[in-house]
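*Asks:*
Put into structure tokens, the structure is as follows:
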């Protein structure tokens, strides 16, 4: 009897705790995006189950059950592309093939330019190049002398144009040449760079690193150190570098057990932040405003036309302000990862553009004036790496090339440039300029009857498709042949430098339309009216199941 009473008493004590724990777990589950991207452990398991298969030449042109005459048009169009590539890109393709034998990065990007079912056939025949020999204005030139309008933006580095960064490198190097590559001690330019960065960021202290990824790592480490909490929050689809804690799903061989991936722009995510006590920081990549809860768009995943994008500045501003309030209320460090968008949206970056002050901000890419760099700006209480009252309790972070004199020289030139009246005028009209250009782009594509549209955050654009198709990914090859340079993700992201004139932009528009019209003429956008994105996905799932279990 006494034992029963004891057990009953213990149950009465334990049950409420279990109920609270279950409730917290349910709230966390609701706070995650329902897709696999929001459930990192599940995505890793599913990725291991997906079988490799590919289409033979017959299936390559008929994977949507197109009639024979359309398949013939596609085949003829494809091999016209092959002949043109072979003629125009011979030297670039030859050196790329040679170098790829010893460069794993080139092997990866080569394999993932298109959906894997088509990849080997494309690589076998459509041989482009990964090498360039010159840049000028808004163009780049390959080894064969082909001149392209650059839409890569050097992954975000190129905000003001390549000629500007060449000057930054030359003038910066001249300013530090007497010291040279001395490490450990600092060049005096560091002090002026720090003053400018504090004023721009609205924060108290600065630390320098060697890349944007490394800067984000340090910001998270400091947040954990000062809050005494373990977990970071990232939002579904956001990219914050390639290190493990911010890439918890596919691509990371080790599970990230102290990361919560929550729904962007959703009350369920705020509820998690309000209730949990283990959250040290929240990472925000403002670029996600273009495609909330979606990963960085790339043509390797363009299996249908479901990819969509749109930017609502007012809605995203309201979200960030609410997020700011919750983080303040709960003592959570709000980190803006502006490695990509910093100095592209405004002089003060996304903080100025959206009117929200973060606790820490990371910069990279363009800030180095053409040199590699990562920067953390933060509140004084968060940037300190040791405790006065506990001498062995430190938060260590160093790097051999942090604050390299040549980086400081190029950075000084960049920071001086954004203070000039010309750049201030440029920033003042920036959004209107690029929104008008995007509207013109869309109007022209619609008038031509092409199933393509664009969405933009200022000069950062993505392409999406308005009619179901399995072959949207091939547009990138028509665009390159028309003289438009794309990054390896293809039509997923265009990054214009801000020195594009109206005439330059008009040329890009004409070339884009010409490429799309040729693609349409070659039959790649054929439809009988019954094809749907859902139907395409079901077919791919059926193919995977057949190859997983019956082959």
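Residue numbers (the working numbering): 1 to 551.
Glycine included, C-beta positions come from ideal geometry on N, C-alpha and C.
According to the Cβ coordinates, are residue 132 and residue 138 closer than 7 Å?
*Replies:* Contact flag unset, no.
*Asks:* Going by C-alpha distance, which of 413, 529, 416 and 459 is nearest residue 467?
*Replies:* Of the candidates 413, 529, 416 and 459, the one whose C-alpha sits nearest the C-alpha of residue 467 is 529.
*Asks:* Figure out for me which residue from 310, 344, 304 and 320 has the closest Cα to the Cα of residue 538.
*Replies:* Nearest of 310, 344, 304 and 320 to residue 538, Cα basis: 304.
*Asks:* Excluding the 5 residues preceding and the 5 following residue 31 in the sequence, name in chain order all residues of the same chain whose CB lies nearer than 7 Å to its CB.
*Replies:* So the qualifying residues of the chain are 262, 263, 268, 269, 271 and 272.
*Asks:* Identify whether residue 378 lies in helix, strand or coil by the three-state DSSP scheme.
*Replies:* Note: residue 378 maps to strand in three-state DSSP.
*Asks:* Note down the Cα distance separating residue 375 from residue 67, rounded to an integer number of angstroms.
*Replies:* Roughly 55 Å separates the two Cα atoms.
*Asks:* For the beta strand (DSSP E) containing residue 421, name the first residue and the last one.
*Replies:* That residue, residue 421, is in no beta strand (DSSP E); its alpha helix (DSSP H) goes 421 to 428.
*Asks:* Look up residue 97 in the DSSP assignment and say whether it is helix, strand or coil.
*Replies:* Of the three classes helix, strand and coil, the one that applies to residue 97 here is helix, per DSSP.
*Asks:* Could you tell me which of 351, 155 and 128 sits nearest to residue 142, measuring between CA atoms?
*Replies:* Cα-wise, what sits closest to residue 142 is 128.
*Asks:* Given residue 206, which residues of its chain have a CB within under 6 Å of its CB, disregarding the five upstream and five downstream residues?
*Replies:* Cβ within range, chain order: 194, 197 and 377.
*Asks:* Would residue 188 be called buried (16 or more neighbouring beta carbons within 10 Å of its own) or exposed?
*Replies:* With fewer than 16 other Cβ atoms within 10 Å, it is exposed.
*Asks:* Where in the region 378 to 411 do unbroken runs of the beta strand (DSSP E), each at least 3 residues long, occur, reported from the N-terminal end onward?
*Replies:* Within the region 378 to 411, the complete beta strand (DSSP E) runs of at least 3 residues are 390 to 394.
*Asks:* For residue 394, count neighbouring C-beta atoms within 10 Å of its own C-beta (all shown protein chains included) and say buried if the count is 16 or more, exposed if not.
*Replies:* Exposed.
*Asks:* Compare the beta carbon distance of residue 53 and residue 63 with 7 Å and say whether it is the shorter of the two.
*Replies:* It is not a contact, given that the beta carbons lie outside the stated cut-off.
*Asks:* How about residue 334 and residue 441: do their beta carbons lie closer than 7 Å?
*Replies:* No.
*Asks:* Got a sec? Which residues, its chain only, sit under 7 Å from residue 168 by beta carbon, not counting five neighbours each side?
*Replies:* Cβ neighbours of residue 168 beyond the five flanking positions: 369, 370, 410, 413 and 414.
*Asks:* Residue 418 and residue 347 - do their beta-carbons sit closer together than 7 Å?
*Replies:* Result yes, Cβ atoms of residue 347 and residue 418 sit closer than 7 Å.
*Asks:* Should the region 485 to 495 be regarded as contacting the region 323 to 337, the criterion being three or more beta carbon pairs within less than 8 Å?
*Replies:* Contact fails: fewer than three Cβ-Cβ distances are below 8 Å.
*Asks:* With a threshold of 8 Å, are at least 3 pairs of Cβ atoms found where one atom belongs to the region 68 to 75 and the other to the region 287 to 307?
*Replies:* Flag = no, the region 68 to 75 and the region 287 to 307 do not touch.
*Asks:* How far does the beta strand (DSSP E) with residue 205 in it extend, from its first residue to its last?
*Replies:* Looking at the DSSP string, the run of the beta strand (DSSP E) that includes residue 205 is 205 to 209.
*Asks:* Anyone know if the C-beta pair for residue 397 and residue 288 falls short of 7 Å?
*Replies:* Contact: no.
*Asks:* Anyone know if the C-beta pair for residue 553 and residue 336 falls short of 7 Å?
*Replies:* Nothing in the structure corresponds to residue 553, since the chain is present only between 1 and 551.
*Asks:* In three-state terms, what does DSSP make of residue 107?
*Replies:* Looking at residue 107 - three-state DSSP - the assignment turns out to be helix.
*Asks:* Quick one: residues in its chain with C-beta nearer than 6 Å to the C-beta of residue 122, no 5 flanking neighbours on either side, listed in chain order?
*Replies:* Correct list, in chain order: 114.
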